[in-house]
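Per UniProt numbering, the very first residue in the sequence shown carries number 1; after that it's consecutive. Backbone N, C-alpha and C fix where the C-beta goes; we use that ideal spot for every residue, glycine too. Everything numeric in this text was worked out from a predicted model, so none of it was measured. Here's the structure, in structure tokens; my notes come after.
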Amino acid sequence: MAIRDIVVNPSLLPVLNLSAETRDQCMQLLAVLDPSADSYSDSEERALAASKEQKQLFALLARLRGLNRDAILRVRETKQATAEARQEIDRLHLQLQNLYYEQRHLTGEIAACESYDHKYLALPLIPLEEFLALHPEHRESDEHDLMIARINHEHAEREKLEQARQELLKRKQALIAENNKRKEDLASLDQDLERFIDVSLCPSEFRTMLLTPGRPPSPFRRSSKRSISGGLAINSNNSNSPPTLSHLVLYQATSPSSKHVLVMIAKNEDLSSSQTVDPHPDYTMTVSTPSPRPPPPEKPEAIRTRFKVIAAFWAVIIFLGFPIWWKTTSIYRASLPIPEMIDWADGKTCRPVFPLEIRVETPHLPDAEAQHLLRTTQHTLDDLNEFSAHHLRLKLSNDNVDEPLNNPADTALTVRLLPQDDLINPKSELHHDTTQLDVFYSPNQIPPLSSSNPPLSAYIAGELQQLFTEEKAIIAQILSNSHASSAAATSQPSSTMLSSVSPQLADSIAKRQRRSMKYADTYHLAFSLFTPGTEPSLWDIQAAVHDYITPLLQAFSPISNFTVDTQVQLYATFAPTAPAPEYDESHGAWTLKPEDLSAFINAAEWPLSPSIGPGPTINFILYVPDAAQSPLVVKDSLATSWVVPQWGGVVLLNPANGAQLQHLSGDALQAPFLTFSHQLLTLLGAPSTPAALPFRLQTLTRIRAASLLLSASSTMGSLARLTESLPSIPIPATVAASVATTLSHLTSTCEHLRRGRFQAALADARIAETEAERSFFEKSMVGQMYFPDEHKVAVYLPLLGPIGVPLIVGLLKEVKKAIALRKARKAT
């Protein structure tokens with residue numbers, strides 16, 4: 001197929017036409033420069049023709065470069081448009097997921113409302129027949145309206161009963177008050193009767209004293225008016241007329257508590273008026289009300305004493321009470337470097353870079369040729385790299401001029417150049433147990449010192465670029481998904497890198513990230529043997545873990561820590577709701593449908609602990625089916641193992657020839673535990689390529705260092721925003737110390753990444769992540785997070801109100817008196 005049949009874009013057709021024209025012009029120039037041609041008689045004419053053809057060729061090349069530049073710009077614009085469209089699709093997908101979550105939430109709320117036990121169901125309502133008899137208009141109402149009417153009827157009846165109770169209570173209080181008043185009157189009447197008896201039985205000497213001329217009693221004065229006992233006075237025009245018994249009784253009855261006695265005496269005098277002595281008409285009695293006497297003026301000593309008392313109270317409150325209250329109720333807030341924390345979260349402090357050092361060993365090349373090959377390969381790598389944050393640095397194995405003495409950079413890969421005579425094209429081979437790449441080449445492929453882009457350099461650069469393609473894509477995705485990378489300068493290169501990744505690789509990375517566990521400092525591995533019967537009940541688990549799992553865990557020790565637990569569970573049947581296996585006659589096996597694998601694990605009855613200790617648990621289940629259902633495989637694929645995303649893995653061990661095993665030896669456990677090791681790599685997020693395990697672990701080290709750096713930085717930003725939005729939240733000194741430790745290790749992590757020391761960067765990033773989580777989830781901070789200042793006012797106002805009101809009122813009175821006294825002094 002011709003190139004013009006493949007390229008159909010109208011913008012690229014002029015490039016093809018111009019390239020064909022340029023090629024023809026090159027052929028013409030070569031024809032002019034050909035010494036065997038006889039077209040030109042002398043060399044000067046040939047040189048002029050060659051110069052003319054060369055100028056035309058340069059013009060065509062300039063136009064071709066312009067068209068090439070335009071084509072590259074259009075490709076970049078297309079990539080940018082594709083990235084924007086993908087972001088829009090992701091945004092719409094996220095909105096759809098949010099709608100799903102909202103739908104589930106609303107469904108749950110509706111179910112809760114429908115099952116809510118309302119109080120009206122427990123109301124002691126009157127029977128329905130009695131209510132309908134009282135209100136026949138509701139006989140045709142539905143159940144809802146009928147219940148509302150019954151509740152309203154009950155409410156109205158209770159209001160009537162409450163009003164009747166209040167009226168009866170008022171009558172009761174009035175009767176109690178009236179009874180108390182009458183009791184007091186009766187008690188005072190007893191005292192008045194005793195006084196009346198004493199007066200009526202007055203001795204004769206006292207009567208003689210009263211009737212003796214010239215000796216009027218002390219309470220009387222002739223020709224005058226005198227107030228006696230609060231207002232009784234006797235006026236007389238005849239000084240020699242003695243007072244009668246009625247006068248005496250009136251005198252005795254002038255006390256405030258003897259009004260009842262006075263009434264009784266008046267009645268007795270009316271009845272015995274014929275037996276008494278003639279009253280003297282000149283005597284008259286009047287009652288006068290005394291005028292209130294003003295209080296005596298207050299002494300200056302009393303004023304000063306009162307002022308000193310008020311001042312003492314206020315002095316105790318201001319200088320003693322208020323400092324104690326402030327000290328006991330204040331919230332300690334340690335000082336945090338808020339701007340620095342926000343800069344870390346926004347990506348302004350650190351721009352993560354990953355310079356990978358690749359050592360090149362050239363034992364069979366001279367130094368000059370080795371240096372030239374290294375330079376040309378480095379230039380080719382730089383041209384191929386589209387992600388500036390991740391770049392490869394080639395160094396000869398004997399070149400240690402720029403290396404620090406104490407902390408050298410980690411060697412990501414070692415490339416050995418080995419000559420081989422019978423090779424036409426170069427080839428490479430990656431060791432499975434080391435991070436070494438052997439490149440075999442023919443001796444005639446060594447580039448001369450004058451070449452700018454030799455084929456061997458292009459081949460080495462292409463192999464290195466292919467080895468680190470997946471790592472670049474994962475790191476670019478981590479940086480693009482973080483908030484720090486969106487604000488930092490790395491966002492545009494990471495998006496450019498993601499746009500250049502193939503769809504198959506992008507889907508593989510996304511699928512693996514959905515399967516892998518979230519990073520933790522410690523993982524707990526739980527290996528479980530399940531069987532539906534009584535056999536097998538024994539397995540050589542210690543030897544299997546030691547041979548197949550322990551070496552892998554030791555290799556992972558710089559990244560995370562691990563603990564291992566094992567268990568055996570007999571009579572482990574499937575869940576009742578799980579679909580039973582089906583027999584496939586074509587394959588002669590019992591099969592499980594792929595869509596039923598999620599229900600294979602009987603979480604209700606199988607003893608699978610969701611978490612052991614602080615870290616997450618990764619479960620690995622070895623299921624030995626019953627002989628009646630053996631062999632047991634997955635339908636269509638006939639697989640005997642699968643990974644449960646973010647949970648663990650399952651392996652089906654079918655006994656050979658359908659025989660039931662009583663004991664699983666180390667040889668029988670070899671295949672399942674090799675599968676478990678691959679599942680563990682998948683669950684821990686290790687990349688799938690290349691096949692060398694040390695290479696994949698180094699890649700995972702760099703990935704974890706980047707993710708922990710961004711996670712700790714984001715946590716610092718969240719803590720800074722939390723402390724600024726909640727002024728009442730306490731900040732203990734431990735949080736400030738954790739923040740300082742986090743920022744220090746974040747700085748060290750960024751510095752180690754910049755210098756290519758990824759093991760040290762991961763160690764500092766782990767400490768930074770741990771300290772950041774500890775500072776953000778401090779218990780003393782969480783306890784005071786939802787305690788607003790209104791609660792303090794509600795607590796202290798009832799306590800301080802009764803104390804503060806009298807003090808404030810007394811102080812205001814003293815201030816008013818002082819102002820009035822000053823005005824009076826100015827007026828005088």
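DSSP, reduced to helix, strand and coil, places S537 outside both helices and strands of the structure shown, so it counts as coil. With respect to the C-alpha of A656, the residue from L746, V624, P352 having the closest C-alpha is V624. Under DSSP, T828 shares a beta bridge with no residue. When beta bridges are read from the DSSP output, V643 appears opposite G649. Beyond the five residues adjoining it in sequence on each side, L697 comes within less than 6 Å, by CB distance, of A555 in the same chain, given in chain order. DSSP, reduced to helix, strand and coil, places D433 outside both helices and strands of the structure shown, so it counts as coil. Boundaries of the alpha helix (DSSP H) around I509: 503-515. Note that the C-beta distance between A589 and V633 is below 9 Å. R359 is bridged by DSSP to K395, T414.
Under the DSSP definition of a beta bridge, H144 lacks any partner. Straight-line measurement puts the Cα of W314 at about 11 Å from the Cα of G810. Between the alpha carbons of E340 and R757 lies a gap of roughly 24 Å. Considering only D422, E778, F673, L413, the residue with the shortest C-alpha distance to T434 is L413. Listed in chain order, the beta strand (DSSP E) runs fully inside the stretch 596-626 are 617-623, counting runs of at least 3 residues.
Counting along the chain, the unbroken beta strand (DSSP E) around Y583 starts and ends at 582-584.
Within a 10 Å sphere around the beta-carbon of P672 sit 16 or more other beta-carbons, which makes this residue buried.
Inter-residue distance for A20 and L57 is about 12 Å (C-alpha atoms, whole angstroms).
For F527, the uninterrupted beta strand (DSSP E) run begins and ends at 522-530, by DSSP.
If you check the CB distance, A705 and A765 come in under 9 Å.
D438 sits in a strand when the DSSP states are folded into three classes. Listed as beta-bridge partners of F354 by DSSP are H390. Bounds of any alpha helix (DSSP H) do not take in N561; it lies within the beta strand (DSSP E) bounded by 561-569. Restricting attention to R754, L719, P730, I767, the CA atom closest to the CA of T741 is found in I767. Taking all protein chains shown into account, C113 has fewer than 16 neighbouring C-beta atoms within 10 Å of its C-beta and is therefore exposed. By the neighbour-count criterion, in which a residue is buried when 16 or more other Cβ atoms sit within 10 angstroms of its Cβ, D343 is buried.
DSSP places A712 inside the alpha helix (DSSP H), whose first and last residues are 693-725. Cβ atoms of L67 and L18 come within 8 Å of each other, at about 6 Å. Counting every other CB atom within 10 Å of its CB across the protein chains shown gives P687 a total of 16 or more, marking it as buried.
When DSSP states are grouped into helix, strand and coil, L464 belongs to the helix group. In the DSSP annotation of this structure, the continuous segment of the beta strand (DSSP E) that includes A589 starts and ends at 589-592. Note that the stretch 514-531 touches the stretch 629-649; at least 3 beta-carbon pairs, one per stretch, sit closer than 8 Å. Among the bridge pairs identified by DSSP, H663 is matched with L538. In the DSSP assignment, V15 falls within the alpha helix (DSSP H) that extends over 13-33.
V633: member of the beta strand (DSSP E) spanning 632-634, first to last residue. In this model, Y100 and E595 are separated by some 21 Å (Cα to Cα). By the CB criterion at 9 Å, V735 and L719 fall inside the cutoff.
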